[in-house]
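Accompanying notes for the structure given below.
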Amino acid sequence: MSRLFLTTAKFLRTQGPRSSFLRALSSEAADTGSREHIDGLVKKDKVVVFMKGVPQQPMCGFSNAVVQILRMHGVDNYSAYNVLEDENLRQGIKDYSSWPTIPQLFLSGEFVGGCDILLQMHQSGDLVEELQKVGIRSALLDKQPDTDKDKQ
Amino acid sequence: MSITADYIKEKLQRELEATHIDVEDTSPNHCGSAFNVTIVSAKFEGKPLLQRHRLVNACLEEELKDIHAFSQKTLTPEQWQKQQK
């Protein structure tokens, strides 16, 4: 029993205080799929991801790709909402951005795209620029391409 | 009626006037629940990525309701030519 408690506590801790799961539990939870609610979520933080699973454990290849790309750019501090936890949110976010699939990335409240788009932007270098626009310096800018020093 | 790669290919070709299309059914057992598409169309010219993808999404709006996984590459004829080299 205590093991279950510990697992749950760890899960809640990794979700973070802003998790939609916790919000759904609270008595003043708005309809988590509503435009207003989602609007609040995407505007509250610079980088917001709606995904399947959590960053520490994505539950789908596309969601995992987004997490990995963000990690490569050194973006660790972002809000991730697990749509598998909340059916209302899962449908709501699709309606909100008029985008049929998960994952979805928002930068400063603006919908950027899903996995495909993010991957292409990453490969083309556009992602570094987009991050810069919202005041985030990509870790890739600090990488020295011609050095053998690999200890960070 | 389950969605087939051919059906998607034909629809995209028609509505986006694509000069080249590749549709791959990536679902287990090819049951039509996951697709990977590459579309080459002049309609993508001058449009940023997001807009291109929205164009494709709009074309397949009904089908996407039943598809579980969808991944797409959208190229202009010029970009496609470059890739071929």
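Just so you know, the protein sequences line up as chains A and B, in that order.
Quick note on our numbering: the first sequence kicks off at 829 and runs consecutively.
Quick note on our numbering: the second sequence kicks off at 71 and runs consecutively.
Even glycine gets a Cβ: it sits at the ideal position worked out from N, Cα and C.
Evaluate residue 123 of chain B with the Cβ neighbour count: other Cβ atoms within 10 Å of its Cβ, from every protein chain shown; 16 or more gives buried, anything less gives exposed. buried
What residues from the stretch 865-895 of chain A come within 9 Å of chain B, judged by C-beta to C-beta, listed N to C? 888, 889, 890
Tell me, please, whether the stretch 948-955 of chain A touches the stretch 910-920 of chain A by the rule of three or more beta-carbon pairs shorter than 8 Å. no
Alpha carbon to alpha carbon, how far is residue 104 of chain B from residue 75 of chain B? 10 Å
Distance, residue 90 of chain B Cα to residue 150 of chain B Cα: 9 Å
Quick one: is residue 898 of chain A buried, meaning 16 or more other Cβ sit within 10 Å of its Cβ, or exposed? buried
Compare the C-beta of residue 141 of chain B with all C-beta atoms of chain A and state if any pair is closer than 7 Å. yes
For chain A, find out if any of its Cβ atoms is closer than 7 Å to the Cβ of residue 120 of chain B; answer yes or no. yes
Unbroken beta strand (DSSP E) run spanning residue 141 of chain B, endpoints: 139-145
With a threshold of 16 other CB atoms inside 10 Å of the CB of residue 86 of chain B, please say whether the residue is buried or exposed. buried
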